[in-house]
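Working notes for the structure below.
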Amino acid sequence: MEAQIGSGGGGGGGGGSANQLLKSLGTFMGKCMFRVLSVGAIPNHIAFILDGNRRFARKHNLPVEAGYRSGFLPLLSVLKYCSELGVKYVTVYAFSIDNFKRCPDEVRCLMDLMLEKVEVLLQEEIIVKQYGVRVCFLGSLQLLSQPLRIAADKVMKATENNTRIVIFICVAYTSTNEIIRAIQQSCIDKLDNHSQARKQTTTHDNAK
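The opening position of the sequence shown corresponds to residue 4 in this note's numbering, with each subsequent residue numbered one higher.
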(Lines of atoms letter the chains of each structure in order from A; the text may use other names.)
(Lines give C-alpha, C1' and ligand atoms only; values in the text may rest on other atoms or scores of the structure.)
Protein backbone atom coordinates (compact mmCIF):
# COMPACT_ATOMS: atom_id res chain seq x y z
CA MET A 4 0.00 0.00 0.00
CA GLU A 5 1.36 3.41 -0.92
CA ALA A 6 0.28 6.92 0.04
CA GLN A 7 1.51 10.48 -0.15
CA ILE A 8 2.13 12.69 2.85
CA GLY A 9 2.73 16.41 2.73
CA SER A 10 2.16 19.48 4.81
CA GLY A 11 -1.42 19.99 5.81
CA GLY A 12 -3.18 23.29 5.29
CA GLY A 13 -4.28 25.41 8.22
CA GLY A 14 -7.40 27.51 8.23
CA GLY A 15 -7.26 31.14 9.17
CA GLY A 16 -9.70 33.41 10.98
CA GLY A 17 -12.82 32.34 12.75
CA GLY A 18 -11.46 32.88 16.26
CA GLY A 19 -9.93 30.60 18.83
CA SER A 20 -13.18 28.89 19.79
CA ALA A 21 -13.88 27.86 16.20
CA ASN A 22 -10.36 26.52 15.82
CA GLN A 23 -10.68 24.60 19.07
CA LEU A 24 -13.99 23.12 17.93
CA LEU A 25 -12.47 22.01 14.64
CA LYS A 26 -9.51 20.50 16.46
CA SER A 27 -11.78 18.56 18.82
CA LEU A 28 -13.91 17.38 15.89
CA GLY A 29 -10.79 16.26 14.06
CA THR A 30 -9.59 14.33 17.13
CA PHE A 31 -12.98 12.64 17.48
CA MET A 32 -13.11 11.71 13.79
CA GLY A 33 -9.56 10.39 14.01
CA LYS A 34 -10.49 8.11 16.91
CA CYS A 35 -13.56 6.85 15.03
CA MET A 36 -11.51 6.09 11.90
CA PHE A 37 -8.86 4.37 14.00
CA ARG A 38 -11.47 2.06 15.57
CA VAL A 39 -12.98 1.23 12.19
CA LEU A 40 -9.57 0.46 10.66
CA SER A 41 -8.48 -1.68 13.61
CA VAL A 42 -11.44 -4.04 13.05
CA GLY A 43 -10.49 -4.98 9.47
CA ALA A 44 -7.39 -6.56 7.96
CA ILE A 45 -4.24 -4.54 8.61
CA PRO A 46 -1.60 -4.43 5.85
CA ASN A 47 1.80 -5.79 6.73
CA HIS A 48 3.68 -3.08 4.83
CA ILE A 49 2.74 0.51 3.95
CA ALA A 50 4.87 2.92 1.91
CA PHE A 51 4.60 6.70 2.01
CA ILE A 52 5.90 9.25 -0.49
CA LEU A 53 6.71 12.58 1.16
CA ASP A 54 5.41 15.28 -1.17
CA GLY A 55 3.88 18.76 -1.18
CA ASN A 56 6.08 20.54 1.35
CA ARG A 57 7.36 23.17 -1.05
CA ARG A 58 3.85 23.81 -2.39
CA PHE A 59 2.64 24.24 1.16
CA ALA A 60 5.42 26.75 1.85
CA ARG A 61 4.62 28.77 -1.30
CA LYS A 62 0.88 28.75 -0.57
CA HIS A 63 1.41 30.14 2.93
CA ASN A 64 4.29 32.49 2.00
CA LEU A 65 6.72 30.56 4.19
CA PRO A 66 10.39 29.69 3.69
CA VAL A 67 10.96 26.30 2.12
CA GLU A 68 12.51 25.06 5.37
CA ALA A 69 9.28 25.86 7.23
CA GLY A 70 7.37 23.76 4.69
CA TYR A 71 9.59 20.75 5.31
CA ARG A 72 9.32 21.16 9.07
CA SER A 73 5.54 21.37 8.81
CA GLY A 74 5.49 18.18 6.74
CA PHE A 75 7.40 16.30 9.44
CA LEU A 76 4.55 16.61 11.97
CA PRO A 77 1.90 14.64 10.01
CA LEU A 78 4.54 12.03 9.23
CA LEU A 79 5.07 11.44 12.96
CA SER A 80 1.31 11.10 13.47
CA VAL A 81 1.00 8.58 10.65
CA LEU A 82 3.92 6.51 11.96
CA LYS A 83 2.30 6.52 15.41
CA TYR A 84 -0.99 5.27 13.93
CA CYS A 85 0.81 2.56 11.97
CA SER A 86 2.48 1.34 15.15
CA GLU A 87 -0.79 1.32 17.08
CA LEU A 88 -2.60 -0.53 14.28
CA GLY A 89 0.06 -3.22 14.19
CA VAL A 90 1.64 -2.46 10.80
CA LYS A 91 4.93 -4.33 10.78
CA TYR A 92 6.85 -2.46 8.06
CA VAL A 93 6.70 1.16 6.96
CA THR A 94 8.73 2.61 4.08
CA VAL A 95 9.21 6.36 3.81
CA TYR A 96 10.48 7.75 0.49
CA ALA A 97 12.18 10.84 1.83
CA PHE A 98 14.86 12.11 -0.57
CA SER A 99 15.71 10.82 -4.04
CA ILE A 100 18.97 11.27 -5.91
CA ASP A 101 17.14 13.66 -8.26
CA ASN A 102 16.49 15.94 -5.27
CA PHE A 103 20.21 16.75 -5.21
CA LYS A 104 19.56 18.80 -8.37
CA ARG A 105 17.64 21.37 -6.33
CA CYS A 106 19.35 24.56 -5.19
CA PRO A 107 22.24 23.96 -2.73
CA ASP A 108 20.55 25.87 0.09
CA GLU A 109 17.45 23.67 -0.12
CA VAL A 110 19.53 20.47 -0.18
CA ARG A 111 21.53 21.68 2.81
CA CYS A 112 18.28 22.53 4.61
CA LEU A 113 16.95 19.00 4.04
CA MET A 114 20.22 17.39 5.15
CA ASP A 115 20.25 19.52 8.32
CA LEU A 116 16.61 18.70 9.07
CA MET A 117 17.17 14.95 8.65
CA LEU A 118 20.28 15.15 10.82
CA GLU A 119 18.33 17.00 13.50
CA LYS A 120 15.57 14.37 13.57
CA VAL A 121 18.00 11.45 13.56
CA GLU A 122 19.87 12.98 16.51
CA VAL A 123 16.55 13.29 18.36
CA LEU A 124 16.01 9.55 17.82
CA LEU A 125 19.43 8.88 19.31
CA GLN A 126 18.67 11.10 22.32
CA GLU A 127 15.33 9.32 22.85
CA GLU A 128 16.81 5.83 22.46
CA ILE A 129 15.03 4.50 25.56
CA ILE A 130 11.62 5.58 24.24
CA VAL A 131 12.40 4.17 20.79
CA LYS A 132 13.28 0.81 22.36
CA GLN A 133 10.15 0.94 24.51
CA TYR A 134 8.01 1.15 21.36
CA GLY A 135 10.14 -1.45 19.58
CA VAL A 136 11.03 0.78 16.63
CA ARG A 137 13.81 -0.30 14.29
CA VAL A 138 15.10 2.31 11.83
CA CYS A 139 16.85 1.36 8.57
CA PHE A 140 18.23 3.82 6.03
CA LEU A 141 18.24 2.58 2.43
CA GLY A 142 19.91 4.07 -0.65
CA SER A 143 23.31 5.37 -1.70
CA LEU A 144 24.17 6.66 1.76
CA GLN A 145 27.64 7.73 0.63
CA LEU A 146 25.95 10.68 -1.14
CA LEU A 147 24.68 12.09 2.17
CA SER A 148 26.59 14.65 4.21
CA GLN A 149 29.15 13.03 6.51
CA PRO A 150 27.42 14.06 9.79
CA LEU A 151 24.08 12.65 8.57
CA ARG A 152 25.73 9.44 7.34
CA ILE A 153 27.40 8.92 10.73
CA ALA A 154 24.17 9.66 12.63
CA ALA A 155 22.17 7.30 10.39
CA ASP A 156 24.67 4.51 11.01
CA LYS A 157 24.44 5.10 14.77
CA VAL A 158 20.64 5.00 14.86
CA MET A 159 20.57 1.81 12.76
CA LYS A 160 22.96 0.10 15.17
CA ALA A 161 21.08 1.44 18.21
CA THR A 162 17.74 0.06 17.01
CA GLU A 163 18.81 -3.13 15.20
CA ASN A 164 17.36 -5.40 17.91
CA ASN A 165 13.91 -3.76 17.99
CA THR A 166 11.22 -5.82 16.29
CA ARG A 167 7.76 -4.33 16.82
CA ILE A 168 7.84 -2.04 13.77
CA VAL A 169 10.55 -1.51 11.15
CA ILE A 170 10.78 1.88 9.45
CA PHE A 171 12.72 2.01 6.18
CA ILE A 172 13.83 5.53 5.28
CA CYS A 173 14.78 5.77 1.60
CA VAL A 174 17.34 8.50 0.89
CA ALA A 175 19.58 9.11 -2.12
CA TYR A 176 17.68 6.58 -4.21
CA THR A 177 16.21 6.11 -7.69
CA SER A 178 14.82 2.97 -9.28
CA THR A 179 17.60 2.99 -11.89
CA ASN A 180 20.28 3.36 -9.23
CA GLU A 181 18.79 0.52 -7.16
CA ILE A 182 18.77 -1.81 -10.19
CA ILE A 183 22.41 -0.98 -10.96
CA ARG A 184 23.44 -1.54 -7.33
CA ALA A 185 21.55 -4.84 -7.19
CA ILE A 186 23.32 -6.09 -10.35
CA GLN A 187 26.70 -4.95 -9.04
CA GLN A 188 26.16 -6.71 -5.71
CA SER A 189 24.99 -9.84 -7.51
CA CYS A 190 28.19 -9.85 -9.58
CA ILE A 191 30.31 -9.35 -6.45
CA ASP A 192 28.54 -12.22 -4.67
CA LYS A 193 28.97 -14.46 -7.72
CA LEU A 194 32.70 -13.70 -7.92
CA ASP A 195 33.11 -14.31 -4.17
CA ASN A 196 31.35 -17.68 -4.43
CA HIS A 197 33.48 -18.63 -7.42
CA SER A 198 36.65 -17.62 -5.57
CA GLN A 199 35.65 -19.65 -2.50
CA ALA A 200 34.90 -22.68 -4.69
CA ARG A 201 38.35 -22.45 -6.35
CA LYS A 202 40.08 -22.19 -2.96
CA GLN A 203 38.25 -25.27 -1.70
CA THR A 204 39.16 -27.19 -4.86
CA THR A 205 42.84 -26.18 -4.55
CA THR A 206 42.92 -27.15 -0.87
CA HIS A 207 41.34 -30.51 -1.67
CA ASP A 208 43.85 -31.18 -4.47
CA ASN A 209 46.82 -30.28 -2.24
CA ALA A 210 45.56 -32.62 0.45
CA LYS A 211 45.73 -35.63 -1.90
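For glycine and all other residues, C-beta sits at the position ideal for the given N, C-alpha and C.
All values reported here derive from a predicted model rather than from experimental measurement.
Burial state of C112 is buried, judged by a 10 Å Cβ sphere holding 16 or more other Cβ atoms.
Two segments are said to touch when three or more pairs of C-beta atoms, one from each, lie closer than 8 Å; by this definition the segment 139-149 touches the segment 173-190. Ranked by how close their Cα comes to the Cα of A97, the residues K83, I129, V90 and R72 have R72 in first place. For I153, the uninterrupted alpha helix (DSSP H) run begins and ends at Q149 to T162, by DSSP. If you draw a straight line from the Cα of A154 to the Cα of E122, it comes to about 7 Å. Residue pairing by DSSP puts C139 in a beta bridge opposite F171.
When Cβ pairs closer than 8 Å are counted between the two stretches, the segment 156-163 is seen to touch the segment 118-138, the count reaching three or more.
Shown here, T94 sits in a strand according to DSSP, grouped into three states.
Per DSSP, A50 lies in no alpha helix (DSSP H) segment; the continuous beta strand (DSSP E) that holds it begins and ends at H48 to L53. Under the 10 Å beta carbon count, R184 is surrounded by fewer than 16 other beta carbons and is classified as exposed. If you draw a straight line from the Cα of V95 to the Cα of M117, it comes to about 13 Å.
Residue burial annotation: V93 is buried, with at least 16 other C-beta atoms found within 10 angstroms of its C-beta.
For the set P66, S20 and S86, the Cα lying nearest the Cα of I45 is the one of S86. Between E109 and V138, the C-beta spacing is not below 8 Å. Of the residues assessed, N56 falls on the buried side of the cut-off, its CB having 16 or more other CB atoms within 10 angstroms. Per DSSP, the unbroken alpha helix (DSSP H) holding E122 starts and ends at P107 to Q126.
Around the CB of I49, 16 or more other CB atoms lie within 10 Å, so the residue is classed as buried.
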